[in-house]
Structures are given as C-alpha cells and as structure tokens.
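**Student:** So the sequence shown is numbered by my numbering: it starts at 29 and just counts up by one.
Quick reminder that beta carbons are idealized off the backbone N, C-alpha and C, glycines included.
Just so it is clear, the structure is predicted and the values come from calculations on it, not from any experiment.
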Amino acid sequence: MVEYMDSMKEKRTGVTAYNQGLDANTLNKTATGVQQIMNASQQRIELVARTFAETGVKELFKLVHHLVRTTLTKPDIIRLRNKWVEVDPREWKARKDLSISVGLGAGNKDQQLMHLNTILQAQKEAIQIGITSPEKIYNALAKLTQNAGFKNPDEFWINPANTPEQEGQKAPTEAEIMVQGQLEIERQKAQAQMMQEQERSKNDIIIEREKIIAQAELEKFKAKLKAETDLAIAQIKAQAGVMYGG
C-alpha cells in the first residue's frame, strides 16, 4: 500500500526519487531513461504554470491593459521589438479582440530544439527561392539561443532590422515602381537620342570635310583652266601679230 501511494504521488506531482537523487538504483538507470523522467517532471511543472497562466495571469494582463488605456494622461516611450518608440495609450481602442499568449510551449526543450533546427534548415533552402528573409532566419536563431538558456540573442547574432542598411531600406510601393520604370524608359530614350545626335554630328563633319575637299579641287581646276586659257589666248595673239605684222 505504501509503495502504491508513493507511485500515485510521483505520477500526480512529477516529483520522483530519481530527480531528487534519493533512489539507490538511479546510477543503474540509462541516461535516456533518466532524461525521460526529468522531461516528464518538467512537463508537469509547465502544465501547472500554463494552467495558472491561462486561468489567472491572462485576466490580470487584460486588467493592466485597461488601466494603462484609461489612466495614462500623456504619451510614453517604451521598448518595442528592440526599438524605443513613443506610444499614446489614450488612442488605443477597447480591443475586445485582444489576445494574450502564454509563453509556454507544449514540448520540452529538447523537442523545441529539434523543431527549431528543422525550421532553420528549411529556411536555408527557402531563402534561395524568396519565401523567407534574413529577419525570419534571425528570429529562428534567437529562439534557438534562448532555448539554450541565453537571454540576449544579440550577443551571438546581428539583427538585420537594426543594421543601417536595412533601416534605410523599405519595400517600394506600386507607384514608386511605376515611377522608376518610367524614369528608366526616359533614360533609355535620352541615351538613344544622344547616340543619334553623336552619329548625326559625325556625319555632318564627314560631309563638311568632303565639301571642303571638293571646293578645293574645284578651285584648283578653275585656276588650271584659267591658266591654260590665258596661255592659249596669248599664243593666238602672238601668232596673229606675226602674221599681220609681216
């Protein structure tokens, strides 16, 4: 009967002789078996905490939200997503659809670690086809770090949202995309027109040069023709003088 009562107590509380170090046979148990017992104990503790949070803490946070919304008389500066922002609770609505999430998972840390590693491996392939982003990968790494017991993931990873390059970037709107497309078309038109002007100028230079050469050849031909004509006239006059003079 005593053994039965001890067994029922262990099942209901999760506190066993193994995790208290009181069982003489603990060293004879395999590491996997002891780990399973510890995980079962931890899950029971988390179940108690989750039940308490679902039945009491959630209502408490709703009351805190209501008090903040109705009693604050000026804006306040709070840290949200690792950034300091100004908020004015007076502008908040009643938020009847407000949902409060209890930060306790259903699995133990080993299971969460396995799931996070699986997600991280999938993200490495997903980013190549554009269905995830560096920010999403950082979130997985942050969860992985917190699961390992480190509270500040920024000691190990750089949040892409906090880098100057990312802060200065934003997703272009449809109107901005249209404007950029129009500017690109105008740029191509201007470039084509400039090339046409350059080609036209080159042709004009060639034509002008040919005209100058042709004009020079013409002047040379005229001068030669005039010289030959003058010489012929002089010869004719000389011959006529000899004939009539004699």
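1) Rounded to a whole number of angstroms, what is the C-alpha to C-alpha distance between Ile157 and Val115?
2) For Leu50, count the other beta carbons within 10 Å of its own beta carbon; 16 or more makes it buried, fewer makes it exposed. Which is it?
3) Determine the direct distance from the alpha carbon of Ile234 to that of Glu245, and round the result to whole angstroms.
4) Return the chain-ordered list of same chain residues with a C-beta closer than 8 Å to the C-beta of Thr160, the five sequence neighbours on each side being excluded.
5) In the DSSP output, which residue or residues are listed as bridge partners for Trp112?
6) State whether the stretch 137-150 contacts the stretch 164-178, with contact taken as three or more CB pairs (one from each stretch) at a distance under 8 Å.
7) Keeping to the same chain, check which residues put their C-beta closer than 6 Å to that of Ala52; ignore five residues upstream and five downstream.
8) Rounded to a whole number of angstroms, what is the C-alpha to C-alpha distance between Glu256 and Ala262?
9) So Leu100 and Arg72 are supposed to be a Cβ contact under 8 Å. How far apart are they, rounded?
**Tutor:** On the basis of the coordinates in this document:
1) So the two alpha carbons sit approximately 37 Å from each other.
2) Residue placement at Leu50 is poorly supported in this model, since its pLDDT is 45, which falls under 50; the coordinates still yield a value, given next. Classified as exposed, Leu50 has fewer than 16 neighbouring CB atoms from the shown chains inside 10 Å of its CB.
3) C-alpha separation (whole angstroms): 17 Å.
4) If we look at Thr160 and ignore the five residues flanking it on each side, its Cβ neighbours are Gln151 and Ala154.
5) The partner list for Trp112 (beta bridge, DSSP) reads Arg107.
6) Under the 8 Å Cβ criterion, the stretch 137-150 counts as touching the stretch 164-178, having at least three qualifying pairs.
7) Residue confidence is low: Ala52 scores 45 on pLDDT, short of 50, so the model does not pin down where it sits. Its coordinate-derived value is still stated next. Nothing listed; no residue qualifies.
8) Cα to Cα, the separation comes out at about 10 Å.
9) The Cβ separation is near 40 Å, so there is no contact.
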